[in-house]
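Chains A and B, in that order, are what the protein sequence lines are. So that you can map any letter, position 121 of the first sequence is 121 in UniProt numbering, and since no number is skipped, the others follow by simple counting. So that you can map any letter, position 20 of the second sequence is 20 in UniProt numbering, and since no number is skipped, the others follow by simple counting. Beta carbons: idealized from backbone N, C-alpha and C, even for Gly. Predicted model only: the values in this text are computed from it and were never measured. Step one of this worksheet: look at the structure below.
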Amino acid sequence: MMHLEQLPPWAAVIIALFVVVGASLTLLGGVGLVRLKSFYQRLHAPTLGYSYGTLLIILASMLMFSLSEGRVVVHELMIGIFIMISTPITLLMLGRAALRRDRDRKLGHDEPVPPRRRTEPPPPDIEADAGVDEDPRP
Amino acid sequence: MTAELLRFALGYAQIALILALALACWRMLRGPRAQDRVLALDTMYSIAMLLFLVIGMGNGNVFFFEGALVIAVLGFVTTVCAAKFLMRGEVIE
């Protein structure tokens with residue numbers, strides 16, 4: 001723990017603030033992931049951790065290693081840029097998959113890819129719940 | 001003084017991130033449909049990446065950074081493949 005004593009006090013205050021706020025926002029995203037009701041609301045909760053948590057913890061890490069090693073350390077920016085590129089792609093694909101699965105369930109076919117021609121009408125008991133829980137299909 | 005402040009902040013951050021990891025794990029185990037589980041798994045990947053960064057800051061070790069980068073890349077690939085599988089029923093068409 002020798003590297004922690006070498007930091008100047010203003011840097012220690014800034015690093016502590018960034019780390020605490022970033023970790024708290026990530027924890028808040030986890031709480032939202034548990035407490036929100038439908039999937040489309042839960043899709044928004046962990047983006048707190050993706051955006052603010054990653055940004056603040058990366059800034060704190062860059063500041064700490066730059067000051068303790070005496071040179072400019074910016075390789076944490078790689079993680080930041082990668083998260084900034086990859087998170088919209090993953091959440092967009094996940095949201096589209098969820099939309100498609102909900103539409104398939106509402107139309108009544110079980111396969112992920114809908115069949116070309118449907119003969120029987122959809123069962124009448126499933127049009128009330130859009131994205132709400134408690135259905136036996138995994 | 002500065003070392004105690006930083007040690008307290010990093011300890012709090014580790015506890016908060018582990019708690020968030022536990023909450024995401026609860027959602028992944030319970031989640032009513034498959035997309036909830038995939039979302040919780042992606043969240044767990046990102047929280048584990050942040051936890052590696054915080055542990056690396058506490059140790060003063062730069063090599064935790066590579067672990068965090070590998071976790072980020074693996075989480076991206078895993079989630080894209082799982083979302084593609086949920087959407088089409090197959091990964092490579």
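Query: Exposed unless 16 or more other CB atoms sit within 10 angstroms - verdict on Y76 (chain A); Result: Just to set this straight, residue 76 (chain A) is Glu in the shown sequence, not Tyr. By the 10 Å Cβ count, E76 (chain A) comes out buried.
Query: Minimum C-alpha distance to I57 (chain A) - residue among A:R42, A:G108 and A:A16; Result: A:A16
Query: Proximity of Y52 (chain A) and L25 (chain A) at Cβ, strictly below 7 Å; Result: yes
Query: Within chain B, the residues that P9 (chain A) reaches when beta carbons sit closer than 8 Å; Result: M1 and T2
Query: Where L69 (chain B) sits in the DSSP three-state scheme; Result: helix
Query: Nearest to F8 (chain B) (by Cα), restricted to the options A:P8, A:I81 and A:V13; Result: A:V13
Query: Helix, strand or coil at M1 (chain B) according to DSSP, with G and I counted as helix; Result: coil
Query: Residue-chain proximity (G11 (chain B), chain A), Cβ-Cβ < 7 Å; Result: no
Query: Near-chain B residues of the stretch 38-50 of chain A (beta-carbon distance less than 9 Å), N- to C-terminal order; Result: F39, R42, L43, A45, P46, G49 and Y50
Query: Span of the alpha helix (DSSP H) around S24 (chain A); Result: P9 to R35
Query: Same chain, Cβ closer than 8 Å to L86 (chain B), neighbours up to 5 away in sequence not counted; Result: A34, Q35 and V38
Query: Residue nearest to V77 (chain B) in terms of C-alpha spacing, selected from A:V74, A:V73, A:S38 and A:F82; Result: A:F82
Query: Short Cβ contact (7 Å threshold) for A83 (chain B) with A97 (chain A); Result: yes
Query: Range covered by the alpha helix (DSSP H) that runs through F65 (chain A); Result: T54 to E69
Query: First and last residue of the uninterrupted alpha helix (DSSP H) at I79 (chain A); Result: E76 to L107
Query: Counted within 10 angstroms of its Cβ, other Cβ atoms place A22 (chain B) as buried (16 or more) or exposed; Result: exposed
Query: C-beta neighbour in chain B for M64 (chain A), strict 7 Å; Result: yes
Query: Chain-order list of residues whose beta-carbon lies under 7 Å from that of I71 (chain B) (same chain, five-residue window excluded); Result: Y45, A48, M49 and F52
Query: Inter-residue CB distance, T90 (chain A) and T79 (chain B) (contact presumed, cutoff 8 Å); Result: 4 Å
Query: Alpha-carbon spacing of A23 (chain A) relative to L5 (chain B), whole angstroms; Result: 16 Å
Query: Through-space distance from V54 (chain B) to G89 (chain B), alpha-carbon basis; Result: 38 Å
Query: Per-residue DSSP class, three states only, for I18 (chain B); Result: helix
Query: 7 Å Cβ cutoff, G108 (chain A) in contact with chain B; Result: no
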